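Sequence lines, in order, name chains A and B.
Residue 101 in the working numbering sits at position 85 of the first sequence, with consecutive numbering throughout.
Residue 648 in the working numbering sits at position 580 of the second sequence, with consecutive numbering throughout.
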Amino acid sequence: MAKLIYDKGGRLIFTKEMKKDYTILLPMMAPIQFKMIQNVFLHYGYNAVLLDTSGPEIAQAGLKYVHNDTCYPALLVIGQFIDALQSGKYDLNRTALMITQTGGGCRASNYIHLLRKALVKAGFEKIPVISLNLSGLEKNSGFSLTLPMLRRIIASLVYGDTLMLLHNQVKPYEVNQGESQKLVEYYTEKLSNGFNKGMGIKAKQISQNLDEIAKAFSEIIVVKTPKVKVGVVGEIYVKYARLGNNDLESFLANEGCEVCVPGIMGFSLFKVDNRLEDIKLYGGSKIKYRIVKILMDYLTKMETMMIASTAKYGFTPPGEYAHTKTLVKDVIGYGSKMGEGWLLTAEMLELTETGYENIVCTQPFGCLPNHICGKGMIRKIKSIDERANIVAIDYDPGAPRVNQENRIKLMLAVAKERLTSQPKTEKTHKKLEHSSEKRTNKEVVGA
Amino acid sequence: MKIGLDVGSTTIKCVVLSEKNEILYNTYERHFSQITSKIAEILSSVRENVPGADKAAVAISGSAGMGVAETCGIDFIQEVYATKVAAATFIPGTDVIIELGGEDAKILFLSGGMEVRMNGTCAGGTGAFIDQMATLLNVPLEELNDLAASYEKTYTIASRCGVFAKTDIQPLLNQGARKADIAESIFLAVVTQTIAGLAQGRKIEGKVVYLGGPLTFMEQLRKRFDKVLGISGICPENSLYYVAAGAALCAESSVEFDEIIQKVENYRGDGSFAYNPPLFESKEEYDTFKARHAKVTVKRGELAGYKGNVYIGMDAGSTTVKTVVLGEENELLYSQYQSNSGNPVPIIKSFLEKIYEINPNVKIAAGAVTGYGEEIIKNAFKVDFGIVETVAHFTAAKKFMPDVQFVIDIGGQDIKCFKIHNGAIDNIFLNEACSSGCGSFLQTFANALSYPIEKFSQIGLFAKHPVDLGSRCTVFMNSSVKQAQKYGATIEDISAGLSISVVKNALYKVIRAGSPDELGRKIVVQGGTFLNDAVLRAFEKEMGAEVVRPEISGLMGAFGASLYAKENSKGKSTMIGKSELESFEHKITVANCGLCENNCRLTINTFAGGGKFIGGNRCERPVTHRANDNSLNIYNYKLNLLKSYMKSEGSRGKIGIPLGLNMFELLPFWNSFFTSLDFGIEASPVSDSKLYQRGHQTIPSDTVCFPAKLMHGHVQSLIDSEIKTIFYPCLSYNLDEDLGDNHYNCPVVAYYPEVISANMPDVQKITFIKEYLGIHRKKDFPIKAYEALSKYFSDITLKEVKKAAKAAYAEYEAYMAKIRAKGDEIIAKAEKDGKQIFVLAGRPYHIDPEINHGIDTLIGSFGVAIISEDVISPRVKRFKTTVLNQWTYHSRLYAAAKYIGTRKDMNLVQLVSFGCGVDAITTDEVREILEKNGKIYTQIKIDEITNLGAVKIRIRSLLAAIAAQK
């Protein structure tokens, strides 16, 4: 064990000495993106391990060590850590944990503290916890998020989001099952290797890579049968993490749906943009505004490339942040920033607009921001765009899957009825038809 | 020909339709969770009864049918969708369908934009809820309907979940309310819940159809719906079979009939449900366990012919009444354990008669009563002592283990646990309204599966794979059971799983314990539920410790009471004697108090011999006919002070302000701000239940906290009183009091104006100002507020707004200073009089009487002074907390807790609104801060309705603990 050093407030520091031989456990959320981020950490000398465990014992551990009324993501993330520490797989004298910290007004900013409380309760008080944040909330001598790392992490999100999007759009239609999954794996590895050689990080290279990826996916042989198109939105953890949403994506796939899960880039843009909005709404430093604006512009540039490449090869591109934002003008204020804030409302409108009007709005039971921007806005969304067919699903350790699935099936029954009864005449659906036209040369007729 | 099956949570319905959609055959049967064999049975009889049925197309619907359908390759039709299809075929022109099922409630809007609504996972008000309530009233279901027909009055009962309703109904029963009135109130609760929870503001009108079991069988329930909705709905013939018929209509693929029957019969699930290790590996293990617990016995004696003094102990609990007779050597002479069929008075009467029958010359030296029915029994029979349950249980536990460190009692409705520190009760844990499902839950479940409870728990002892059911509320557990069955869990596995979940609920929800070390190794378990070996074993396994379960586990409250009576006896009991028992009479009348704006509904019990007991009151006023002394109650002061800011005049027009959430603190700010700008102000009135009803149908999220829900009523009442402009700004940030790392509002307080604006149709008719304002930035605020308000009032100037802002900040400071000054005054007075000071800590809006349910007055009635957290939080400098301290209101809690550590005469009671996610963090932290300084933490959870009985137990226990510490 390395020497344990504490800061003034008694927090255990992750030291330079620890960096050498400590294993750092990361919780799993969005598999593609997180896998690439893990590789970035590995490259920079952090022995990062992504926890991909599942099973009821994780929630059980969470329930045991965290206040039971705390939101489900906290129970799961902390439960996953403790379950891992108790598994015997890791040398407890050489293991650290890493968790993100946003600093927003939601309970999520407290996860790291709840984790530390839980560690003490479970007898792991000597395990250091690293906060991954952009707000300078907690510092550790053995870990720093350098600019090159940050650029690679952003690139991971760009690539990861794109791979996720393409995979979702191709997989339901592929003739040779598993082809798109193979491409995902192939590119995850290829891109990570590129990062390590300093490649695929500059804008131009990213653009080229995105083109190559989109092209590769467009070459997968597909059969275009009409399928119910479902959008998934919600609290970020239960939206992406299989552990959190009872593997919602697989369930929807089994029900024969095409799924669209808006990416992490949109959320990142939202979080950065919030700082600008705060200054606009309440006043603040102009210098700070300009610095944040640089980051905002950088992310926007990345987004533009994602849209360009995916559209070029006939896919439904991710919604453009600036456009998504205009959708909620006069619906909900831009100052509503806690949790997923107005973005959640905007994503539902955006999905409806692009043909994914059947929506599962996921949230942990009792999620505070989603009372406002999720469940609180569904009525309004329906009044704006009556195509919206939304079901709100609560996730928590006691909420049985059978009830969740039954409610989703109700939403799907309405969707399926519409799919069979309505001719595809709405203009916003054109993109889809356009894309299938482009790809007919590759389709196997009657397969 | 088409066949549809509707596999619900408790029943299976089957319909065979002809090509012309005529019903050829139908059947409705309870499945007692033996779903697969029942389906096979039904299909076999269909084949026998309907010629040609074996070539029909088949589809399955219903929440419990999903697994079977999947495995057997039969089409599955979602049940709401099936209903819709059936209605379109059989009752064309239907506008709205209201369907209540076993565990689901649904509303389908068919005309004018089709919409289907289904209850969320945390919503009661269904058939199972009505079942539970009938069980609680101890009447068969049919009788519930007949009872309701002869109602006179209704009470407010929460129907959000069965557990909540129980806590409302139990006190009513204990106070002697008429069963007929309660029955109708239950129906009213269901109706309110369905309309509020599902219609969410959409009007139910036109041709309305009632479907499903409860609405088919209960005429009174239909009448209630009609009355509330102002319509007359239809309950069609075959109203039970719409889902099944809909499934039949959707059936497309005909399947080989024999194959299906065989498949269904062989369907076992894939066993992929989560499970725990078995409770016992072997018979031997069980025998050793039994032998160990059999040793914990009590000394016995004979009541017949007993010559010495005897002491009576009575425990009138929520579901059972326990009684004991104790002799001079602490020997148990006689005892009874009976179910409380709604009214404990006749049970105690017959118990006392029985004593005289067994021993006509019995010398009763004292009696004591505890439990929910304490007060009514004490008054009815002139019992010497009434004691709080925790004290009774501790007294009894000490007899079995003098150095006991932890006592846990799981009864029918309650979980009570406490730690013993230095020989005094410390750290009381009671279950909150949402996790009450303890003993009676096992009972209800056993009944549903048609097992006697003893047998039901017994079969779980050797289950191979006890189902993991989680540790949440009973409604969830019901569904978890359903899911486990879907994957092939046996009755044995479920029985064991339920026992384990009771334990986990107690440990992780109520006590929040991680390991036995936190509780101490010396544990006494008691309460009727622990007589159940499966529960006892699950507890020992979960804690990894061996515990003591007294042989009289179920009688401990009564036993403790009798010991207390003996210790405090003055030689001759005040209890009514044999002759008075013979002429004993008990009359109940209902009346409204009318002595204050609460207007409590009172149940007045009068007993022959002059005994009188009033129930349902929140304060002592109807009993003493004296106004409450509120001189040492800051909640009362705050509310009155706030009232002085509710109205002002101005020439620029009137601005309405809804008096809820953060407005409870910011009203002085905005009042002064707008008055300075020459606007008039009108705040919505102080909340009451009528005001809540006005807006409750527009609430989009039924799990949001009650204070937020009340906001809908406030806004509606402003609109109804012709206010044209309402000001309710969004505030991400609160004022920085320099006590924490940040100064946010919680997401609900910050953005609730958005919910109001998006969900209340009438808001569109007025000007609703929900601008994002930053009162935390004093310098920028006037500029930004000017920009925002210019959009609505073109003639205001920046100069005016700057002046108004100055006035607003000054008034806010003055308001807060007044509160602190009053608080200081109360503290000084209490110090002088040697009174205990209770810091009733929560949020500014907890002074709302509709939110706090008069808990402040109730606590005050125990002769203690009450201050709020904001009085003492400025006395502490910012300090390091273990959690991120980022919300202004919550920083005050931590600071107050810290300060209390320095005072011997202060204790903290935290009010927590149900559904407050932030308090999941604050409660643990406040507890930690208090306990570091040797203080007791007490929490009271409040919601739309609160069980004041449980609050009393807490407060009395806390007072007993404080007294013992001295």
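Even glycine gets a Cβ: it sits at the ideal position worked out from N, Cα and C.
The structure presented is a predicted model; accordingly, all values stated were derived computationally and were not measured.
Residues of the segment 798 to 818 of chain B with a CB closer than 8 angstroms to any CB of chain A: list them in chain order, please.
Those would be 798, 800, 801, 810, 812, 813, 814, 815, 816 and 818, in chain order.
Out of curiosity, what's the CA-to-CA distance linking residue 660 (chain B) and residue 72 (chain B)?
52 angstroms
Per DSSP, what are the beta-bridge partners of residue 933 (chain B) in this structure?
B:905
Using CA coordinates, which residue listed in A:346, A:273, A:153 and A:254 is at the minimum distance from residue 187 (chain A)?
Nearest option by C-alpha distance: A:273.
By Cβ distance below 6 angstroms, which residues in the same chain neighbour residue 549 (chain B) in space, the five residues on each side in sequence not counted?
562
Taking the C-alpha atoms as reference points, what is the distance between residue 240 (chain A) and residue 401 (chain A)?
26 angstroms
Coil, strand or helix - residue 427 (chain A) by DSSP
helix
What's the call for residue 286 (chain A), buried or exposed, on a 16-neighbour Cβ count within 10 Å?
buried
Along the segment 82 to 95 of chain A, where does the CB come closer than 8 angstroms to a CB of chain B? Name the residues.
83, 84, 85, 86 and 87
Strictly under 9 angstroms for the Cβ-Cβ distance: is residue 212 (chain A) near chain B by that measure?
no
Determine the contact status of residue 132 (chain B) and residue 683 (chain B), defining contact as a CB-CB distance below 9 angstroms.
no
Out of B:105, B:89 and B:92, point me to the one whose CA is closest to residue 80 (chain B)'s CA.
It is B:105 whose Cα lies nearest to the Cα of residue 80 (chain B).
Extract the residue ranges of the alpha helix (DSSP H) inside the segment 272 to 353 of chain B, only unbroken runs of 4 or more that lie entirely within it.
281 to 285, 287 to 297, 310 to 318 and 325 to 334
Drop a sphere of 10 angstroms on the beta-carbon of residue 74 (chain B), count the other beta-carbons inside from all chains shown, and report buried for 16 or more, exposed for fewer.
buried
Could you check how far apart the C-beta atoms of residue 326 (chain A) and residue 207 (chain A) are, in whole angstroms? I think they sit under 8 angstroms.
Residue 326 (chain A) to residue 207 (chain A), Cβ: 16 angstroms. No contact.
Backbone secondary structure at residue 928 (chain B) - three-state DSSP
helix
Assigned secondary structure, residue 405 (chain B) (DSSP; H/G/I helix, E/B strand, else coil):
Here residue 405 (chain B) sits in strand by DSSP.
According to the neighbour-count rule (16 or more other Cβ atoms, all chains shown, within 10 Å of its Cβ), is residue 471 (chain B) buried or exposed?
exposed
Identify every residue that forms a DSSP beta bridge with residue 453 (chain B).
In the DSSP output, where bridge partners are listed per residue, residue 453 (chain B) has B:436.
Checking the sheet assignment: what are the DSSP bridge partners for residue 82 (chain B)?
For residue 82 (chain B), which the question treats as bridged, DSSP gives the partners B:73 and B:95.
Using a Cβ-Cβ cut-off of less than 7 angstroms, list which residues of the segment 749 to 773 of chain B approach chain A; keep chain order.
768, 769, 771 and 772
Is the segment 977 to 985 of chain B touching the segment 823 to 840 of chain B in the sense that three or more CB pairs, one from each, lie closer than 8 angstroms?
no
Using a Cβ-Cβ cutoff of less than 7 angstroms, which residues in the same chain neighbour residue 908 (chain B) once the five nearest sequence positions on both sides are dropped?
703, 924, 927, 934, 936, 977 and 979
By the 7 angstroms beta-carbon criterion, what residues does the segment 438 to 450 of chain B contribute toward chain A?
none
For residue 408 (chain A), the three-state DSSP class (helix, strand or coil)
strand
From which residue to which residue does the beta strand (DSSP E) around residue 485 (chain B) run?
483 to 489
Following the continuous beta strand (DSSP E) through residue 966 (chain B), name the residue where it begins and the one where it ends.
No beta strand (DSSP E) holds residue 966 (chain B); the alpha helix (DSSP H) holding it covers 956 to 968.
With a threshold of 9 angstroms between beta carbons, is residue 389 (chain A) in contact with chain B?
yes
So, residue 136 (chain B) versus residue 110 (chain B), is the Cβ gap smaller than 9 angstroms?
With contacts defined as CB atoms closer than 9 angstroms, residue 136 (chain B) and residue 110 (chain B) fail to qualify as a contacting pair.
To the nearest angstrom, report how far apart residue 991 (chain B) and residue 901 (chain B) are at their CA atoms.
If I take the Cα positions, the gap works out to 31 angstroms.
Residue 564 (chain B) and residue 529 (chain B) closer than 9 angstroms at C-beta
yes
As assigned by DSSP and simplified to three states, the class of residue 701 (chain B)
In the three-state DSSP reduction, residue 701 (chain B) falls in the strand class (E or B).
Answer yes or no: does any C-beta atom of chain B fall closer than 9 angstroms to that of residue 381 (chain A)?
yes
Around the Cβ of residue 1020 (chain B), are there at least 16 other Cβ atoms within 10 angstroms (buried) or fewer (exposed)?
buried
Give me the Cβ distance between residue 377 (chain A) and residue 352 (chain A), rounded to the nearest whole Å; I'm assuming they're in contact under 8 angstroms.
At roughly 16 angstroms, the Cβ-Cβ gap does not stay under 8 angstroms, so residue 377 (chain A) and residue 352 (chain A) are not in contact.
Cutoff 9 angstroms: residue 8 (chain A) Cβ touching any chain B Cβ:
Only positions 17 to 463 of chain A appear in the structure, and residue 8 (chain A) is not among them; the question remains open.
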